[in-house]
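Residue numbers (the numbering used here), protein chains in the order written: chain A, 1243 to 1522; chain B, 1243 to 1522.
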């Protein structure tokens, strides 16, 4: 099988590493709108060759569309126009509803699988690709009934090769969930970095004291704008609603402190501690 | 030298492990107001013996006070009442100004060193103690001029034994800094956990999709209320002021999304990305 990967960044590149190891495909073609990314991906062995987009589309049995979700919306319909009945496309974007809706009536909709492998790091580009990024994580397939059974089976096998747990879900439902367990984490981390960087303008040595706690909460603030602006825009309603709920929790902390209400503060913290059931 | 450790939790216990390895003291005495913690600390070898508080105070050359900062404020003055000229006390609490002020006029103030080793994990109790917790981190000594030079030297040696970078700082200045690089991280992590746990009441499987990003930002929300309620209360003014600045940054994200202002969103994210200069 020939696998075409459009977008040779962290996700596309990391998939290439493990899918090659598992012999999921025997030929890996890549395309990236950045020539440097393409050359790098080939040089470090993520793909066997870099081809122009149309050639990649023509030659691939399965196409992985791993680009920012704004680019995916622009490209997906064109790609579906160009493939034949025996070619399939899967995207790996972090928001699903608008992208899915954009091809809902496309005559080749059945050749497309909407999916989201829930894994990543705060780094980007082909040099950020790493092995085993996906192991044990959730591989989500959305609105599977709109895809050909064979297409779903192919994507299922792909996620099996990456050792992912496969979860089926409605696209709209997916977008609510990721607003809670992923997108809001990025907003709060960006805001934390901005707050402390602002303070640094007056307090030069503020980061001298930064320890593991800060590193942990600020880690995601290194994430790339090209990827995250489109995610926030496409999942705006959900992210804004979670952000409101979140700011309400912050206000509860604020009020408890302002009123010297130690018991309220303790209740908030102990309620939050129930996260131990979820996180190791 | 005999080292007395009051409070055998994560910090006291982890200090014991490394200070023993480095032969900083040859006898380790412990006290904990929880009998179970005391027995555990002795059983796992953090200390050589558990003694009643007054006996520990009488027998120790150096006393490490590693208890929640509210308990430290209650105990420190009493401990200073009981020691002689050749005994020293160091605390390791996360807020410094109020504690320091509480003994400012104590006749044995010079035998006390106000300090804060900037390290920790989200776990607590003697079973959370680990080796090398402090290596490479900042060991802060506050208002050193109020302490005897010999006392400061002793604490300096202690932090050297833990491979810490020693930083001298005013207590008030310390409390502002930690509000930015530590305390606010805990508030935002507690609030995140509460937000998602609330949602779970209606969406049973919301955590199925939680990945590394969520784990990273929510990690600190496992932190212990006994430690954190007193920190937030004692550093209330600073934490509230940082919280306001932080909520203002969140509002900027909110406004950018509401107004579909992709450029503003991009600017915020790219400004936040400057954190790469600080965090690996």
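No residue lacks a Cβ here, since even glycine has one placed at the ideal position from N, Cα and C. None of the values given here were measured: they were computed from a predicted structure.
Per DSSP, reduced to three states, the secondary structure at residue 1356/A is strand.
Separation of residue 1402/B and residue 1500/B (C-alpha to C-alpha, rounded to the nearest whole angstrom) is 51 Å. Ranked by Cα distance from residue 1396/A, the options 1437/A, 1367/A and 1352/A are led by 1352/A. By the criterion of at least three beta-carbon pairs nearer than 8 Å, the stretch 1439-1447 of chain B is not in contact with the stretch 1271-1291 of chain B. The stretch 1414-1474 of chain A is shown to contain whole alpha helix (DSSP H) runs of 4 or more residues at 1426-1442 and 1454-1460, in chain order. Around the beta carbon of residue 1323/B, a 10 Å sphere encloses fewer than 16 other beta carbons of the protein chains shown; the residue is thus reported as exposed.
Interface annotation, residue 1444/B: not in contact with chain A, CB-CB separation never under 8 Å.
Each residue's CA atom was taken as its position, placing residue 1245/B and residue 1271/B some 6 Å apart. Residue state for residue 1401/B is assigned as helix, using DSSP reduced to three classes. The C-beta of residue 1315/A comes no closer than 8 Å to any C-beta of chain B. Per DSSP, residue 1411/A lies in no alpha helix (DSSP H) segment; the continuous beta strand (DSSP E) that holds it begins and ends at 1407-1411. In the three-state DSSP reduction, residue 1282/B falls in the helix class (H, G or I).
Chain-ordered listing is empty here: chain A has no CB closer than 8 Å to the CB of residue 1385/B, the nearest sitting near 16 Å. The Cβ atoms of residue 1485/B and residue 1434/A do not sit closer than 8 Å to each other. Within the stretch 1313-1386 of chain A, complete beta strand (DSSP E) segments of at least 3 residues are found at 1330-1333, 1354-1359 and 1380-1384, given in chain order.
Residue 1482/A is not a Cβ neighbour of residue 1431/A, given a cutoff of 8 Å. Look at residue 1249/A here: in three-state DSSP terms it is coil, with no helix or strand label. As DSSP reads the structure, residue 1304/A sits in a beta bridge with 1245/A and 1330/A. Neighbours of residue 1515/B in chain A, taken as residues whose beta carbon is under 9 Å from its own, are 1432, 1435, 1463, 1464, 1465, 1466 and 1467 in chain order. Nearest CB-CB separation between residue 1459/B and chain A: below the 8 Å threshold.
Of all residues in the stretch 1347-1366 of chain B, only 1358, 1360, 1361, 1362, 1363 and 1364 place a beta-carbon less than 9 Å from a beta-carbon of chain A. For residue 1470/B, the neighbours in chain A by C-beta distance under 7 Å run, in chain order, 1511.
Inclusion of residue 1306/B and residue 1248/B in the CB contact set at 8 Å is warranted, their separation being smaller than that value.
In the three-state DSSP reduction, residue 1517/A falls in the helix class (H, G or I). Secondary structure at residue 1270/B: strand, using DSSP grouped into helix, strand and coil. 8 Å or more divides the Cβ of residue 1266/A from the Cβ of residue 1360/A. Straight-line measurement puts the Cα of residue 1511/B at about 33 Å from the Cα of residue 1476/B.
The Cβ atoms of residue 1332/B and residue 1357/B sit closer than 8 Å to each other. Closest option to residue 1429/B, judged by alpha-carbon separation, among 1345/B, 1394/B and 1489/B: 1489/B. Residue pairing by DSSP places residue 1292/B opposite 1272/B in a beta bridge. Contact between residue 1253/A and residue 1362/A is confirmed by a C-beta separation of about 7 Å, below the 8 Å threshold. In this structure residue 1497/A is exposed. Its beta-carbon is surrounded by fewer than 16 other beta-carbon atoms within 10 angstroms. Closer than 8 Å to the CB of residue 1428/A there is at least one CB belonging to chain B. Secondary structure at residue 1309/A: coil, using DSSP grouped into helix, strand and coil.
Taking every protein chain shown into account, the CB of residue 1268/A has fewer than 16 other CB atoms within 10 angstroms, so this residue is exposed.
Contact check for residue 1418/A and residue 1342/A: beta-carbon distance about 14 Å, past the 8 Å limit, so the pair fails to qualify.
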